[in-house]
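Notes follow once the structure below has been shown.
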Amino acid sequence: MPISYCISPDLDLLYARYFGPMRADQFADIYQIYMDDPDYRLGRAELIDVSEATAVELNFEQVKTILMGVGRAIPKGTPPIRTVLLAPGDVAFGLARMYQSLADFSGLLEVSVHRTEAGALSALDLSFPSVRAMLAEGGYTAFRHGRIDT
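In this note's numbering, the protein residues as written are 1 to 150.
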């Protein structure tokens, strides 16, 4: 699963875009890529865009395992991390809602799921007209690219 992401210190926001098929065994590697980045800061809000995911190969237990892995990376006492998922497709939206429900129960993340860019940006209290405008005007670092093939 290829990913690209960039960080805006100005907005205090990480934006990540996932491409291609998404599989459970890849998510631990993705979080490690973020955490190894010198500009990454635990607690920074995240906008995760899965609008270009071509397939989502995850079930309930795998989503639960992913969230448990995230939980292991977050030190105890860290306030919930605001995570906004942009998931316009039906399958991705359904799995994102499952992730949201599990995250709400865990107290680790404050997750919201949106089908539209406008909804996702609004959830982050951003007034940009689109994600493209946010990326152009938001003081982002250059995109970093990774490919997780397991």
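The beta carbon of each residue, even a glycine, is placed where N, CA and C say it ideally should be.
According to DSSP, alanine 73 sits in a beta bridge with which residue or residues? Looking at the DSSP assignment, alanine 73 forms no beta bridge with any residue, so it has no partner.
Buried or exposed for glutamate 137, please, with buried defined as at least 16 other CB atoms from any protein chain shown within 10 angstroms of its CB. exposed
Run of the beta strand (DSSP E) containing glycine 138, from where it starts to where it stops: Note, glycine 138: premise wrong, no beta strand (DSSP E); not H, not E.
Buried versus exposed call for glutamate 46 [16 or more other C-beta atoms within 10 Å across all chains shown]: buried
Based on the DSSP secondary-structure assignment, which residues constitute the bridge partners of glycine 20? Ala53
Quick check on the DSSP output: the beta strand (DSSP E) that includes serine 4 runs from which residue to which? 2 to 8
For leucine 126, the three-state DSSP class (helix, strand or coil): coil
According to the neighbour-count rule (16 or more other Cβ atoms, all chains shown, within 10 Å of its Cβ), is threonine 54 buried or exposed? exposed
Please specify which runs of the alpha helix (DSSP H), each continuous and at least 4 residues long, are wholly inside the stretch 83 to 121, giving them in chain order. 90 to 106
Nearest chain B C-beta to aspartate 49 closer than 8 Å, yes or no? Protein chains in the displayed structure number just one, and chain B is not present.
Check this for me: beta carbons of lysine 64 and leucine 95, under 8 Å apart or not? no
Under the three-state reduction of DSSP, which class applies to tyrosine 40: helix, strand or coil? coil
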